[in-house]
Amino acid sequence: MYDVAIIGAGPAGASAALFTAKAGKKTVIIDNDKSITKRAWIENHYGVMEITGPDLVEIGKKQAAKFGTELIEDTAVNIVKTDSGFQISTESRQFDAKHVIIATGLGIDLAEKLACKRNRARSPE
Ligand SMILES: Cc1cc2nc3c(=O)[nH]c(=O)nc-3n(C[C@H](O)[C@H](O)[C@H](O)COP(=O)(O)OP(=O)(O)OC[C@H]3O[C@@H](n4cnc5c(N)ncnc54)[C@H](O)[C@@H]3O)c2cc1C
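In the numbering used here, the protein residues as written are 11 to 135.
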C-alpha cells in the first residue's frame, strides 16, 4: 500500500512526487513515457537558463527517486475506489494507494474514463 500514487512523470507528476516523498509519504509514479515536455526546449523554467525537455524530465525523475519515489514504467488503465483508498490497474499489474494524483498532461484518456470534470485549456492572451 502506497500513501500516494502519481500517474505521470512529467514536470507536474515529478514535482508532486518530490514533495510527497520528501514529506515521508510512500510514493509511486506510474508513467508510460509519452511526455509532451520531451518535445520542448525550455528557457523560462525557474533556476535554469535553458534546458532540453528530455533532460528536464530525466532530472525530475532522478530528484523524485532521490527522495524515495518508486518509478514504474507502465500505462494506468483504470482506478477504482476501495475501502482504504484506491486501486490502480495498469496494463500489467495493480497498485493500492491511499491517494492518487493524476498528472497525465495532454493524455486525458484515463481522466475521461473516470469521468473527472475538466476545464477546457486556454491559450495565454
Ligand atoms: C515544443 C514545446 C515547447 C514548450 N516550451 C515550453 C517553455 O518554454 N516553457 C514552459 O513553461 N512550457 C513549455 N511547454 C509546455 C510544457 O512542456 C507543458 O505545459 C508541461 O511541461 C506539461 O507537463 P505535464 O507534467 O503536465 O505533462 P507531460 O510532461 O506530458 O507529462 C505527462 C506524463 O503522463 C504520462 N501519462 C499520460 N497518461 C498516462 C497513463 N494513462 N498511464 C501512465 N502514464 C501516463 C505521459 O507518458 C507523460 O510522461 C512546451 C511544450 C512544447 C510541446
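We treat Cβ as the ideally placed atom computed from N, Cα and C, and that holds for glycine. Only a predicted model underlies this, so the values are computations on that prediction, with no experimental measurement involved.
Return yes when the C-beta of LYS35 is under 8 Å from any heavy atom of ligand 1, and no when it is not.
Outside the cutoff, so no.
Counting pairs of beta carbons, one from the stretch 106 to 117 and one from the stretch 60 to 71, are three or more of them closer than 8 Å?
No: the two stretches stay apart, fewer than three of their Cβ pairs being nearer than 8 Å.
Within a Cβ cutoff of 6 Å, which residues of the same chain sit near GLY20, ignoring the five residues on either side of it in sequence?
Here GLY20 has SER45, THR47 and GLY115 as same chain residues with Cβ atoms under 6 Å from its own Cβ, once five neighbours each way along the sequence are excluded.
Could you check if ILE111 belongs to the surroundings of ligand 1, using beta carbon to heavy atom distance under 8 Å?
Not under cutoff, so the answer is no.
Below 9 Å between beta carbons: does that hold for VAL14 and LYS36?
Against a cut-off of 9 Å, the Cβ pair of LYS36 and VAL14 comes out as a contact.
How big is the Cα-Cα spacing for VAL38 and HIS55?
Rounded to whole angstroms, the separation of the alpha carbons of HIS55 and VAL38 is 25 Å.
Range covered by the beta strand (DSSP E) that runs through ILE98:
Taken as a continuous stretch (DSSP letters only), the beta strand (DSSP E) holding ILE98 covers 96 to 100.
Straight-line CA distance for SER102 to ASP84?
Roughly 7 Å separates the two Cα atoms.
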